[in-house]
Each structure stands twice: as structure tokens, then as C-alpha cells.
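Structure first, then comments.
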Amino acid sequence: MVLEKLSDSLKATLQKIANSVFVDEKLINELVKDIQRALLQSDVNVKLVFSLSSKIKERALKDEVPPGLTKREQLIKIVYEELVKFLGETEQELDLSKKPTKIMLVGLFGSGKTTQAGKLGKYLSKRGLRVALLGTDTWRPAAFEQLRQLGTQIGAQVYGNPDEKDPVRIYNQFEKELINFDVVIIDTAGRDALSEELISELNRLNEEIKPTEKLLVISADIGQAAEAQAKAFHDTVNITGVLITKLEGTAKGGGALVACAITGAPVKFIGVGEKIDDLERFNPKGFVGRILGMGDLEALLEKAKEAITEEDAQDLEKKLLKGDFTLIDLYSQMEAMKKMGPLSKVMEMIPGMGQLKLPKEMLQGQEERLKTWKYIMNSMTKAELEQPEEIGPPMIDRISKGSGTSNADVRELLKQYRQSKKMMKMFKGSNPKQMERMMKRFGGKLPGM
Ligand code: GDP
Ligand code: MG
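If you count by the numbering used here, then the sequence shown holds residues 1003 to 1451, one letter each, in order.
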């Protein structure tokens, strides 16, 4: 797996949060330290690590917990969001609008240009595009042969001329044929370093070819040194993106990824192996989700969105105050709560109720009772839900049989409903202290709780 060590440490950290009894500053400090350690081990630049961790800490201490999330879930969300931002936030598209789209791969010796030309060719032809490869590496003796073999493997046309020493002339030689393709991937020669000679060669190619995309191919094993390299290539040949290779084989990959994100040269692809299919689009959100081992992260974020809104809560409050509170309201309230988790959250959102201290027994056994009630209500007719007062013994029999519960369960729900309704009527004009007293009188029972 890519960045396995980083992933393992971050997962362990999140597990620690999930297992914690409560979230306090001590836990947040621990979390921040763990994240720092994990990132530093992945060769992320120290300054960047500290700016990230102070951001996480600040948000963890100051941000309000969004509706529908627990404090723990919020912490996880913050870590996820800040890591995503750290990596450039949004997936950067390849510009494939031109016909042909010319993609030039540049980079130092051994970074993986030729291999990625083949991988990218396969990636694009799988998407229905007609792909040609053009070899302009006149430095490495067997460069053209390597590209030709890759082309055969992926079924793409390969152009090049091993006898020609000038890369620009190779391009000119095939220019007319290249217009028949959707995409032309141009493999170039590297050097040991970004020398004057390499810069001038790339600039000549650049002027002649005018590629839509210039992707810097960079090896992940150089870690944070990727920053200087990406910056140098960006400044001299104006790259449009980065393709980081060998990410599966190094512990330093985190450093390389982050380094590129901050140079303003977005990472567009990652190479994750030597085989032709080992290439992936780089999508910060999906990538961080995977690193954190959270397939259900989207579900968590969704939950926050779906949860009861202030408006819903106010609507409910109006109904309560008018006293026309039916079992249907109780039911929809329960539905909303199921999405939301903790009861205390719901209470906070109903105006005026946030300040209440809820009796402990109210919070206990909540889940089980809700489940039973839901089964019961599913077996009721609409009329029964609207007018629970009318439900007599024969109906109770029918409902309990239909829902696989007992008559006592049904009667308990009806009792709850009557009590809740009575209490709701009394809410009008009362202050929180009075309400607290009232709730104690009712044995800590509120609708749906
Ligand atoms: P070039 O000099 O930039 O053209 O680099 P090459 O394409 O010739 O690749 C150099 C070496 O890196 C070869 O042995 C490739 O098999 C290897 N390589 C390329 N991409 C990856 C990758 O994503 N993962 C790993 N492990 N090796 C890769
Ligand atoms: Mg090469």
C-alpha cells in the first residue's frame, strides 16, 4: 500500500480519539503531537508540519461542533479536512480539450518519464482516446526502444528516430502525422540535474510543440526535496502539473506530495508500481480518506448535512407549543435523532432547551427503546398515528402482533406520548429551571427519548 507507515500512524491516532472517554485539551494536544510525528516520519517539511498542526489545534479548540456530529467525529472531520487542504484540496483535471492534446513529460534521469508515458497512454486509451507516443530522448541509447516496447504493450502508435540527435527535429518529422490522434504523449530526455542544457532543450521543445500539459515526473523517494525540484522546473519550463512516481516504495512520499502541493504545481497523477496499470489520478479527498482508513468518512460528512436543521427544530417547537403534537411528530423526531446520534445535540437545537441539564436516566437505554417504538409505529395506521388517544385494547393487540412487540411495549409508547404531550403544553412560558423540575417530575421522559 501507498504510504503505509503514515497511514498506520494516522489510523492509530484516530482510533485513540474514537476510544477516548471525552475530548479535552489534553487529548487534542496528544492528537496534534501524533500527527506531527507521523508527518515528520514521512519527510514532510517541519515548518509545514507545524503550520498544519497548529491549524488543527486551533479548529479543534474553537470550532463549534456541527449539528449531527459528536465532538469526536468533529475532531476526525477537522483532521481530514486539514490534510485534504494540505494536499491541494481539489482534484486537478488534465486539459484534454485540444485535438490533439499534447502532453510533454519532463524530469530528471530515472524519475520514470518513459514508464509513465506508457502508463498514461494506457490510461487515456482506456478512456476511448486515440493515443500516440513520441520519443524525443536522444540521450539515453535505448530510450526509443524502451518506448517502442511500451507502445506495443498498450497498442499505441509510437513515433521516434533513434538516428536523429536533435529532439526538435524529431518532432518536426512527425508533426503532420500526430494531428490524427486525440492525445500525443511526448517523452523527453532527462539529466542528472536541472542543468542549463536541459532547460534550453526543454524550452526549445516547448516553443515548437506548445504542449497543453507539461507534467513534471518526480520520484517520491526524494521526499521534501521535491519542493526545490518542482519549483525549479515550474520557474523555468512552466509545468502544468506533477506526476509523482514510486510512491508505493518509499516512506518519504508524504513529503514529496505536500512539497508539490505548495509550489502551485498540482499533483495530477501518482505512480504506484512498475507495471503498466500502476498509475492513479491524484484526488486529495479520496487519497486522504484512504490514508486515514475511512471508507465511511463520506457517510460521516453526509450525516452532518442531513441532520435536523434549526428550521425543523423551530417548526417542531411551534407544534409543541400549540399542543397539536401527534405520534407522527414523535416519529419524525425519532428519525431525525437516529441520524444525529447523541440526544444532547437535539436538545441543544430546540430553542431554549440547550441550557437544560438532562437527567441521566433519560439518556440510558435510549437506542433500544427507540427501535421498539419504531417497529410499533410502523404497524400503526395513519389515523392511529394522528389520533393515538383513540387507540383501544383490540388495536393494541393488533399493533403488538404486527410489530413483534408486546402489549406492554405499545402501552408504554402511548403513555410516553400522553405524558410528552402534556408536558409540551406546559412548556409554554416556562423558563429552563422550571422545565428541569418538570422533567424530573415526569421521571425524565421526553418524547422520543
Ligand atoms: P526515465 O529515465 O525518467 O525515463 O525513467 P524510466 O521510465 O526509465 O524509469 C526508471 C525506473 O523507475 C524503471 O526501472 C521503472 O520501472 C521505475 N519506475 C517507474 N515508475 C515507477 C513506479 O511508479 N514505481 C516503481 N516502483 N518504479 C517505477
Ligand atoms: Mg526515459
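We put the CB at the ideal spot given by N, CA and C, even for glycine.
Residues 1196 of the same chain have their beta carbon placed closer than 7 Å to that of residue 1234, with the five preceding and five following residues left out of the count. Between residue 1211 and residue 1161, the C-beta spacing is not below 7 Å. Note that the C-beta distance between residue 1136 and residue 1186 is below 7 Å. Judged by DSSP secondary structure, residue 1234 falls within the alpha helix (DSSP H) whose first and last residues are 1228-1239. The C-alpha of residue 1330 is placed about 30 Å away from the C-alpha of residue 1073. DSSP places residue 1418 in the helix class (H, G or I) of the three-state scheme. Within the chosen limit of 6 Å, the ligand MG reaches the beta carbon of residue 1115 through at least one heavy atom. Beta-bridge analysis with DSSP links residue 1271 to 1245, 1283. Buried is the label assigned to residue 1084, since at least 16 other Cβ atoms lie within 10 Å of its Cβ. In this structure, the CA atom of residue 1171 is about 29 Å from the CA atom of residue 1221. The segment 1096-1143 contains, as complete beta strand (DSSP E) runs of 3+ residues, the segments 1103-1108, 1133-1137 (chain order). A distance criterion of 6 Å places the beta-carbon of residue 1194 beyond contact range of the ligand MG, judged by its closest non-hydrogen atom. Scanning its chain for C-beta atoms nearer than 7 Å, with the 5 sequence neighbours on each side dropped, one finds around residue 1407 the residues 1374, 1377, 1378, in chain order. For residue 1055, the enclosing alpha helix (DSSP H) stretches over residues 1048-1064. With a 10 Å radius around the Cβ and a threshold of 16 neighbouring Cβ atoms, residue 1111 comes out exposed. Residue 1061 and residue 1053 have their C-alpha atoms spaced approximately 12 Å apart. In the structure shown, the three-state DSSP call for residue 1023 is coil. Set against 6 Å, the gap from the CB of residue 1144 to the closest heavy atom of the ligand MG is not smaller. Distances taken from the Cβ of residue 1168 to the heavy atoms of the ligand MG include none shorter than 6 Å. Close CB contacts of residue 1141 within its chain, under the 7 Å cut and outside five residues either way in sequence, are with 1191 (chain order).
Leaving aside the five residues that flank residue 1404 on each side, the residues in its chain whose CB is nearer than 7 Å to its CB run, in chain order, 1381.
For residue 1218, the enclosing beta strand (DSSP E) covers residues 1215-1221. Counting C-beta atoms within 10 angstroms of its own C-beta, residue 1109 has 16 or more neighbours from the protein chains shown and is therefore classed as buried. In the three-state DSSP reduction, residue 1004 falls in the coil class, being neither helix nor strand. Remark: the C-beta of residue 1370 is outside contact range of the ligand GDP, defined as less than 6 Å to any heavy atom. Note that the C-beta distance between residue 1120 and residue 1152 is below 7 Å.
Pairing residue 1013 with residue 1295 gives a Cβ-Cβ distance under 7 Å. Taking C-beta atoms as the reference points, residue 1244 and residue 1267 count as a pair closer than 7 Å. The residue from 1020, 1048, 1105 with its alpha-carbon nearest to that of residue 1071 is 1020. In the DSSP assignment, residue 1189 falls within the unbroken beta strand (DSSP E) covering 1185-1189. Using a cutoff of 6 Å, the CB of residue 1010 does not count as near the ligand MG, since none of the ligand's heavy atoms is closer than that. Only exposed fits residue 1417, as fewer than 16 other CB atoms lie within 10 angstroms of its CB.
Within a 10 Å sphere around the beta-carbon of residue 1395 sit fewer than 16 other beta-carbons, which makes this residue exposed. Shown here, residue 1155 sits in a helix according to DSSP, grouped into three states. Excluding its 5 nearest sequence neighbours in each direction, residue 1398 has C-beta neighbours in its own chain below 6 Å: 1409, 1412, listed in chain order. Counting every other CB atom within 10 Å of its CB across the protein chains shown gives residue 1056 a total below 16, marking it as exposed.
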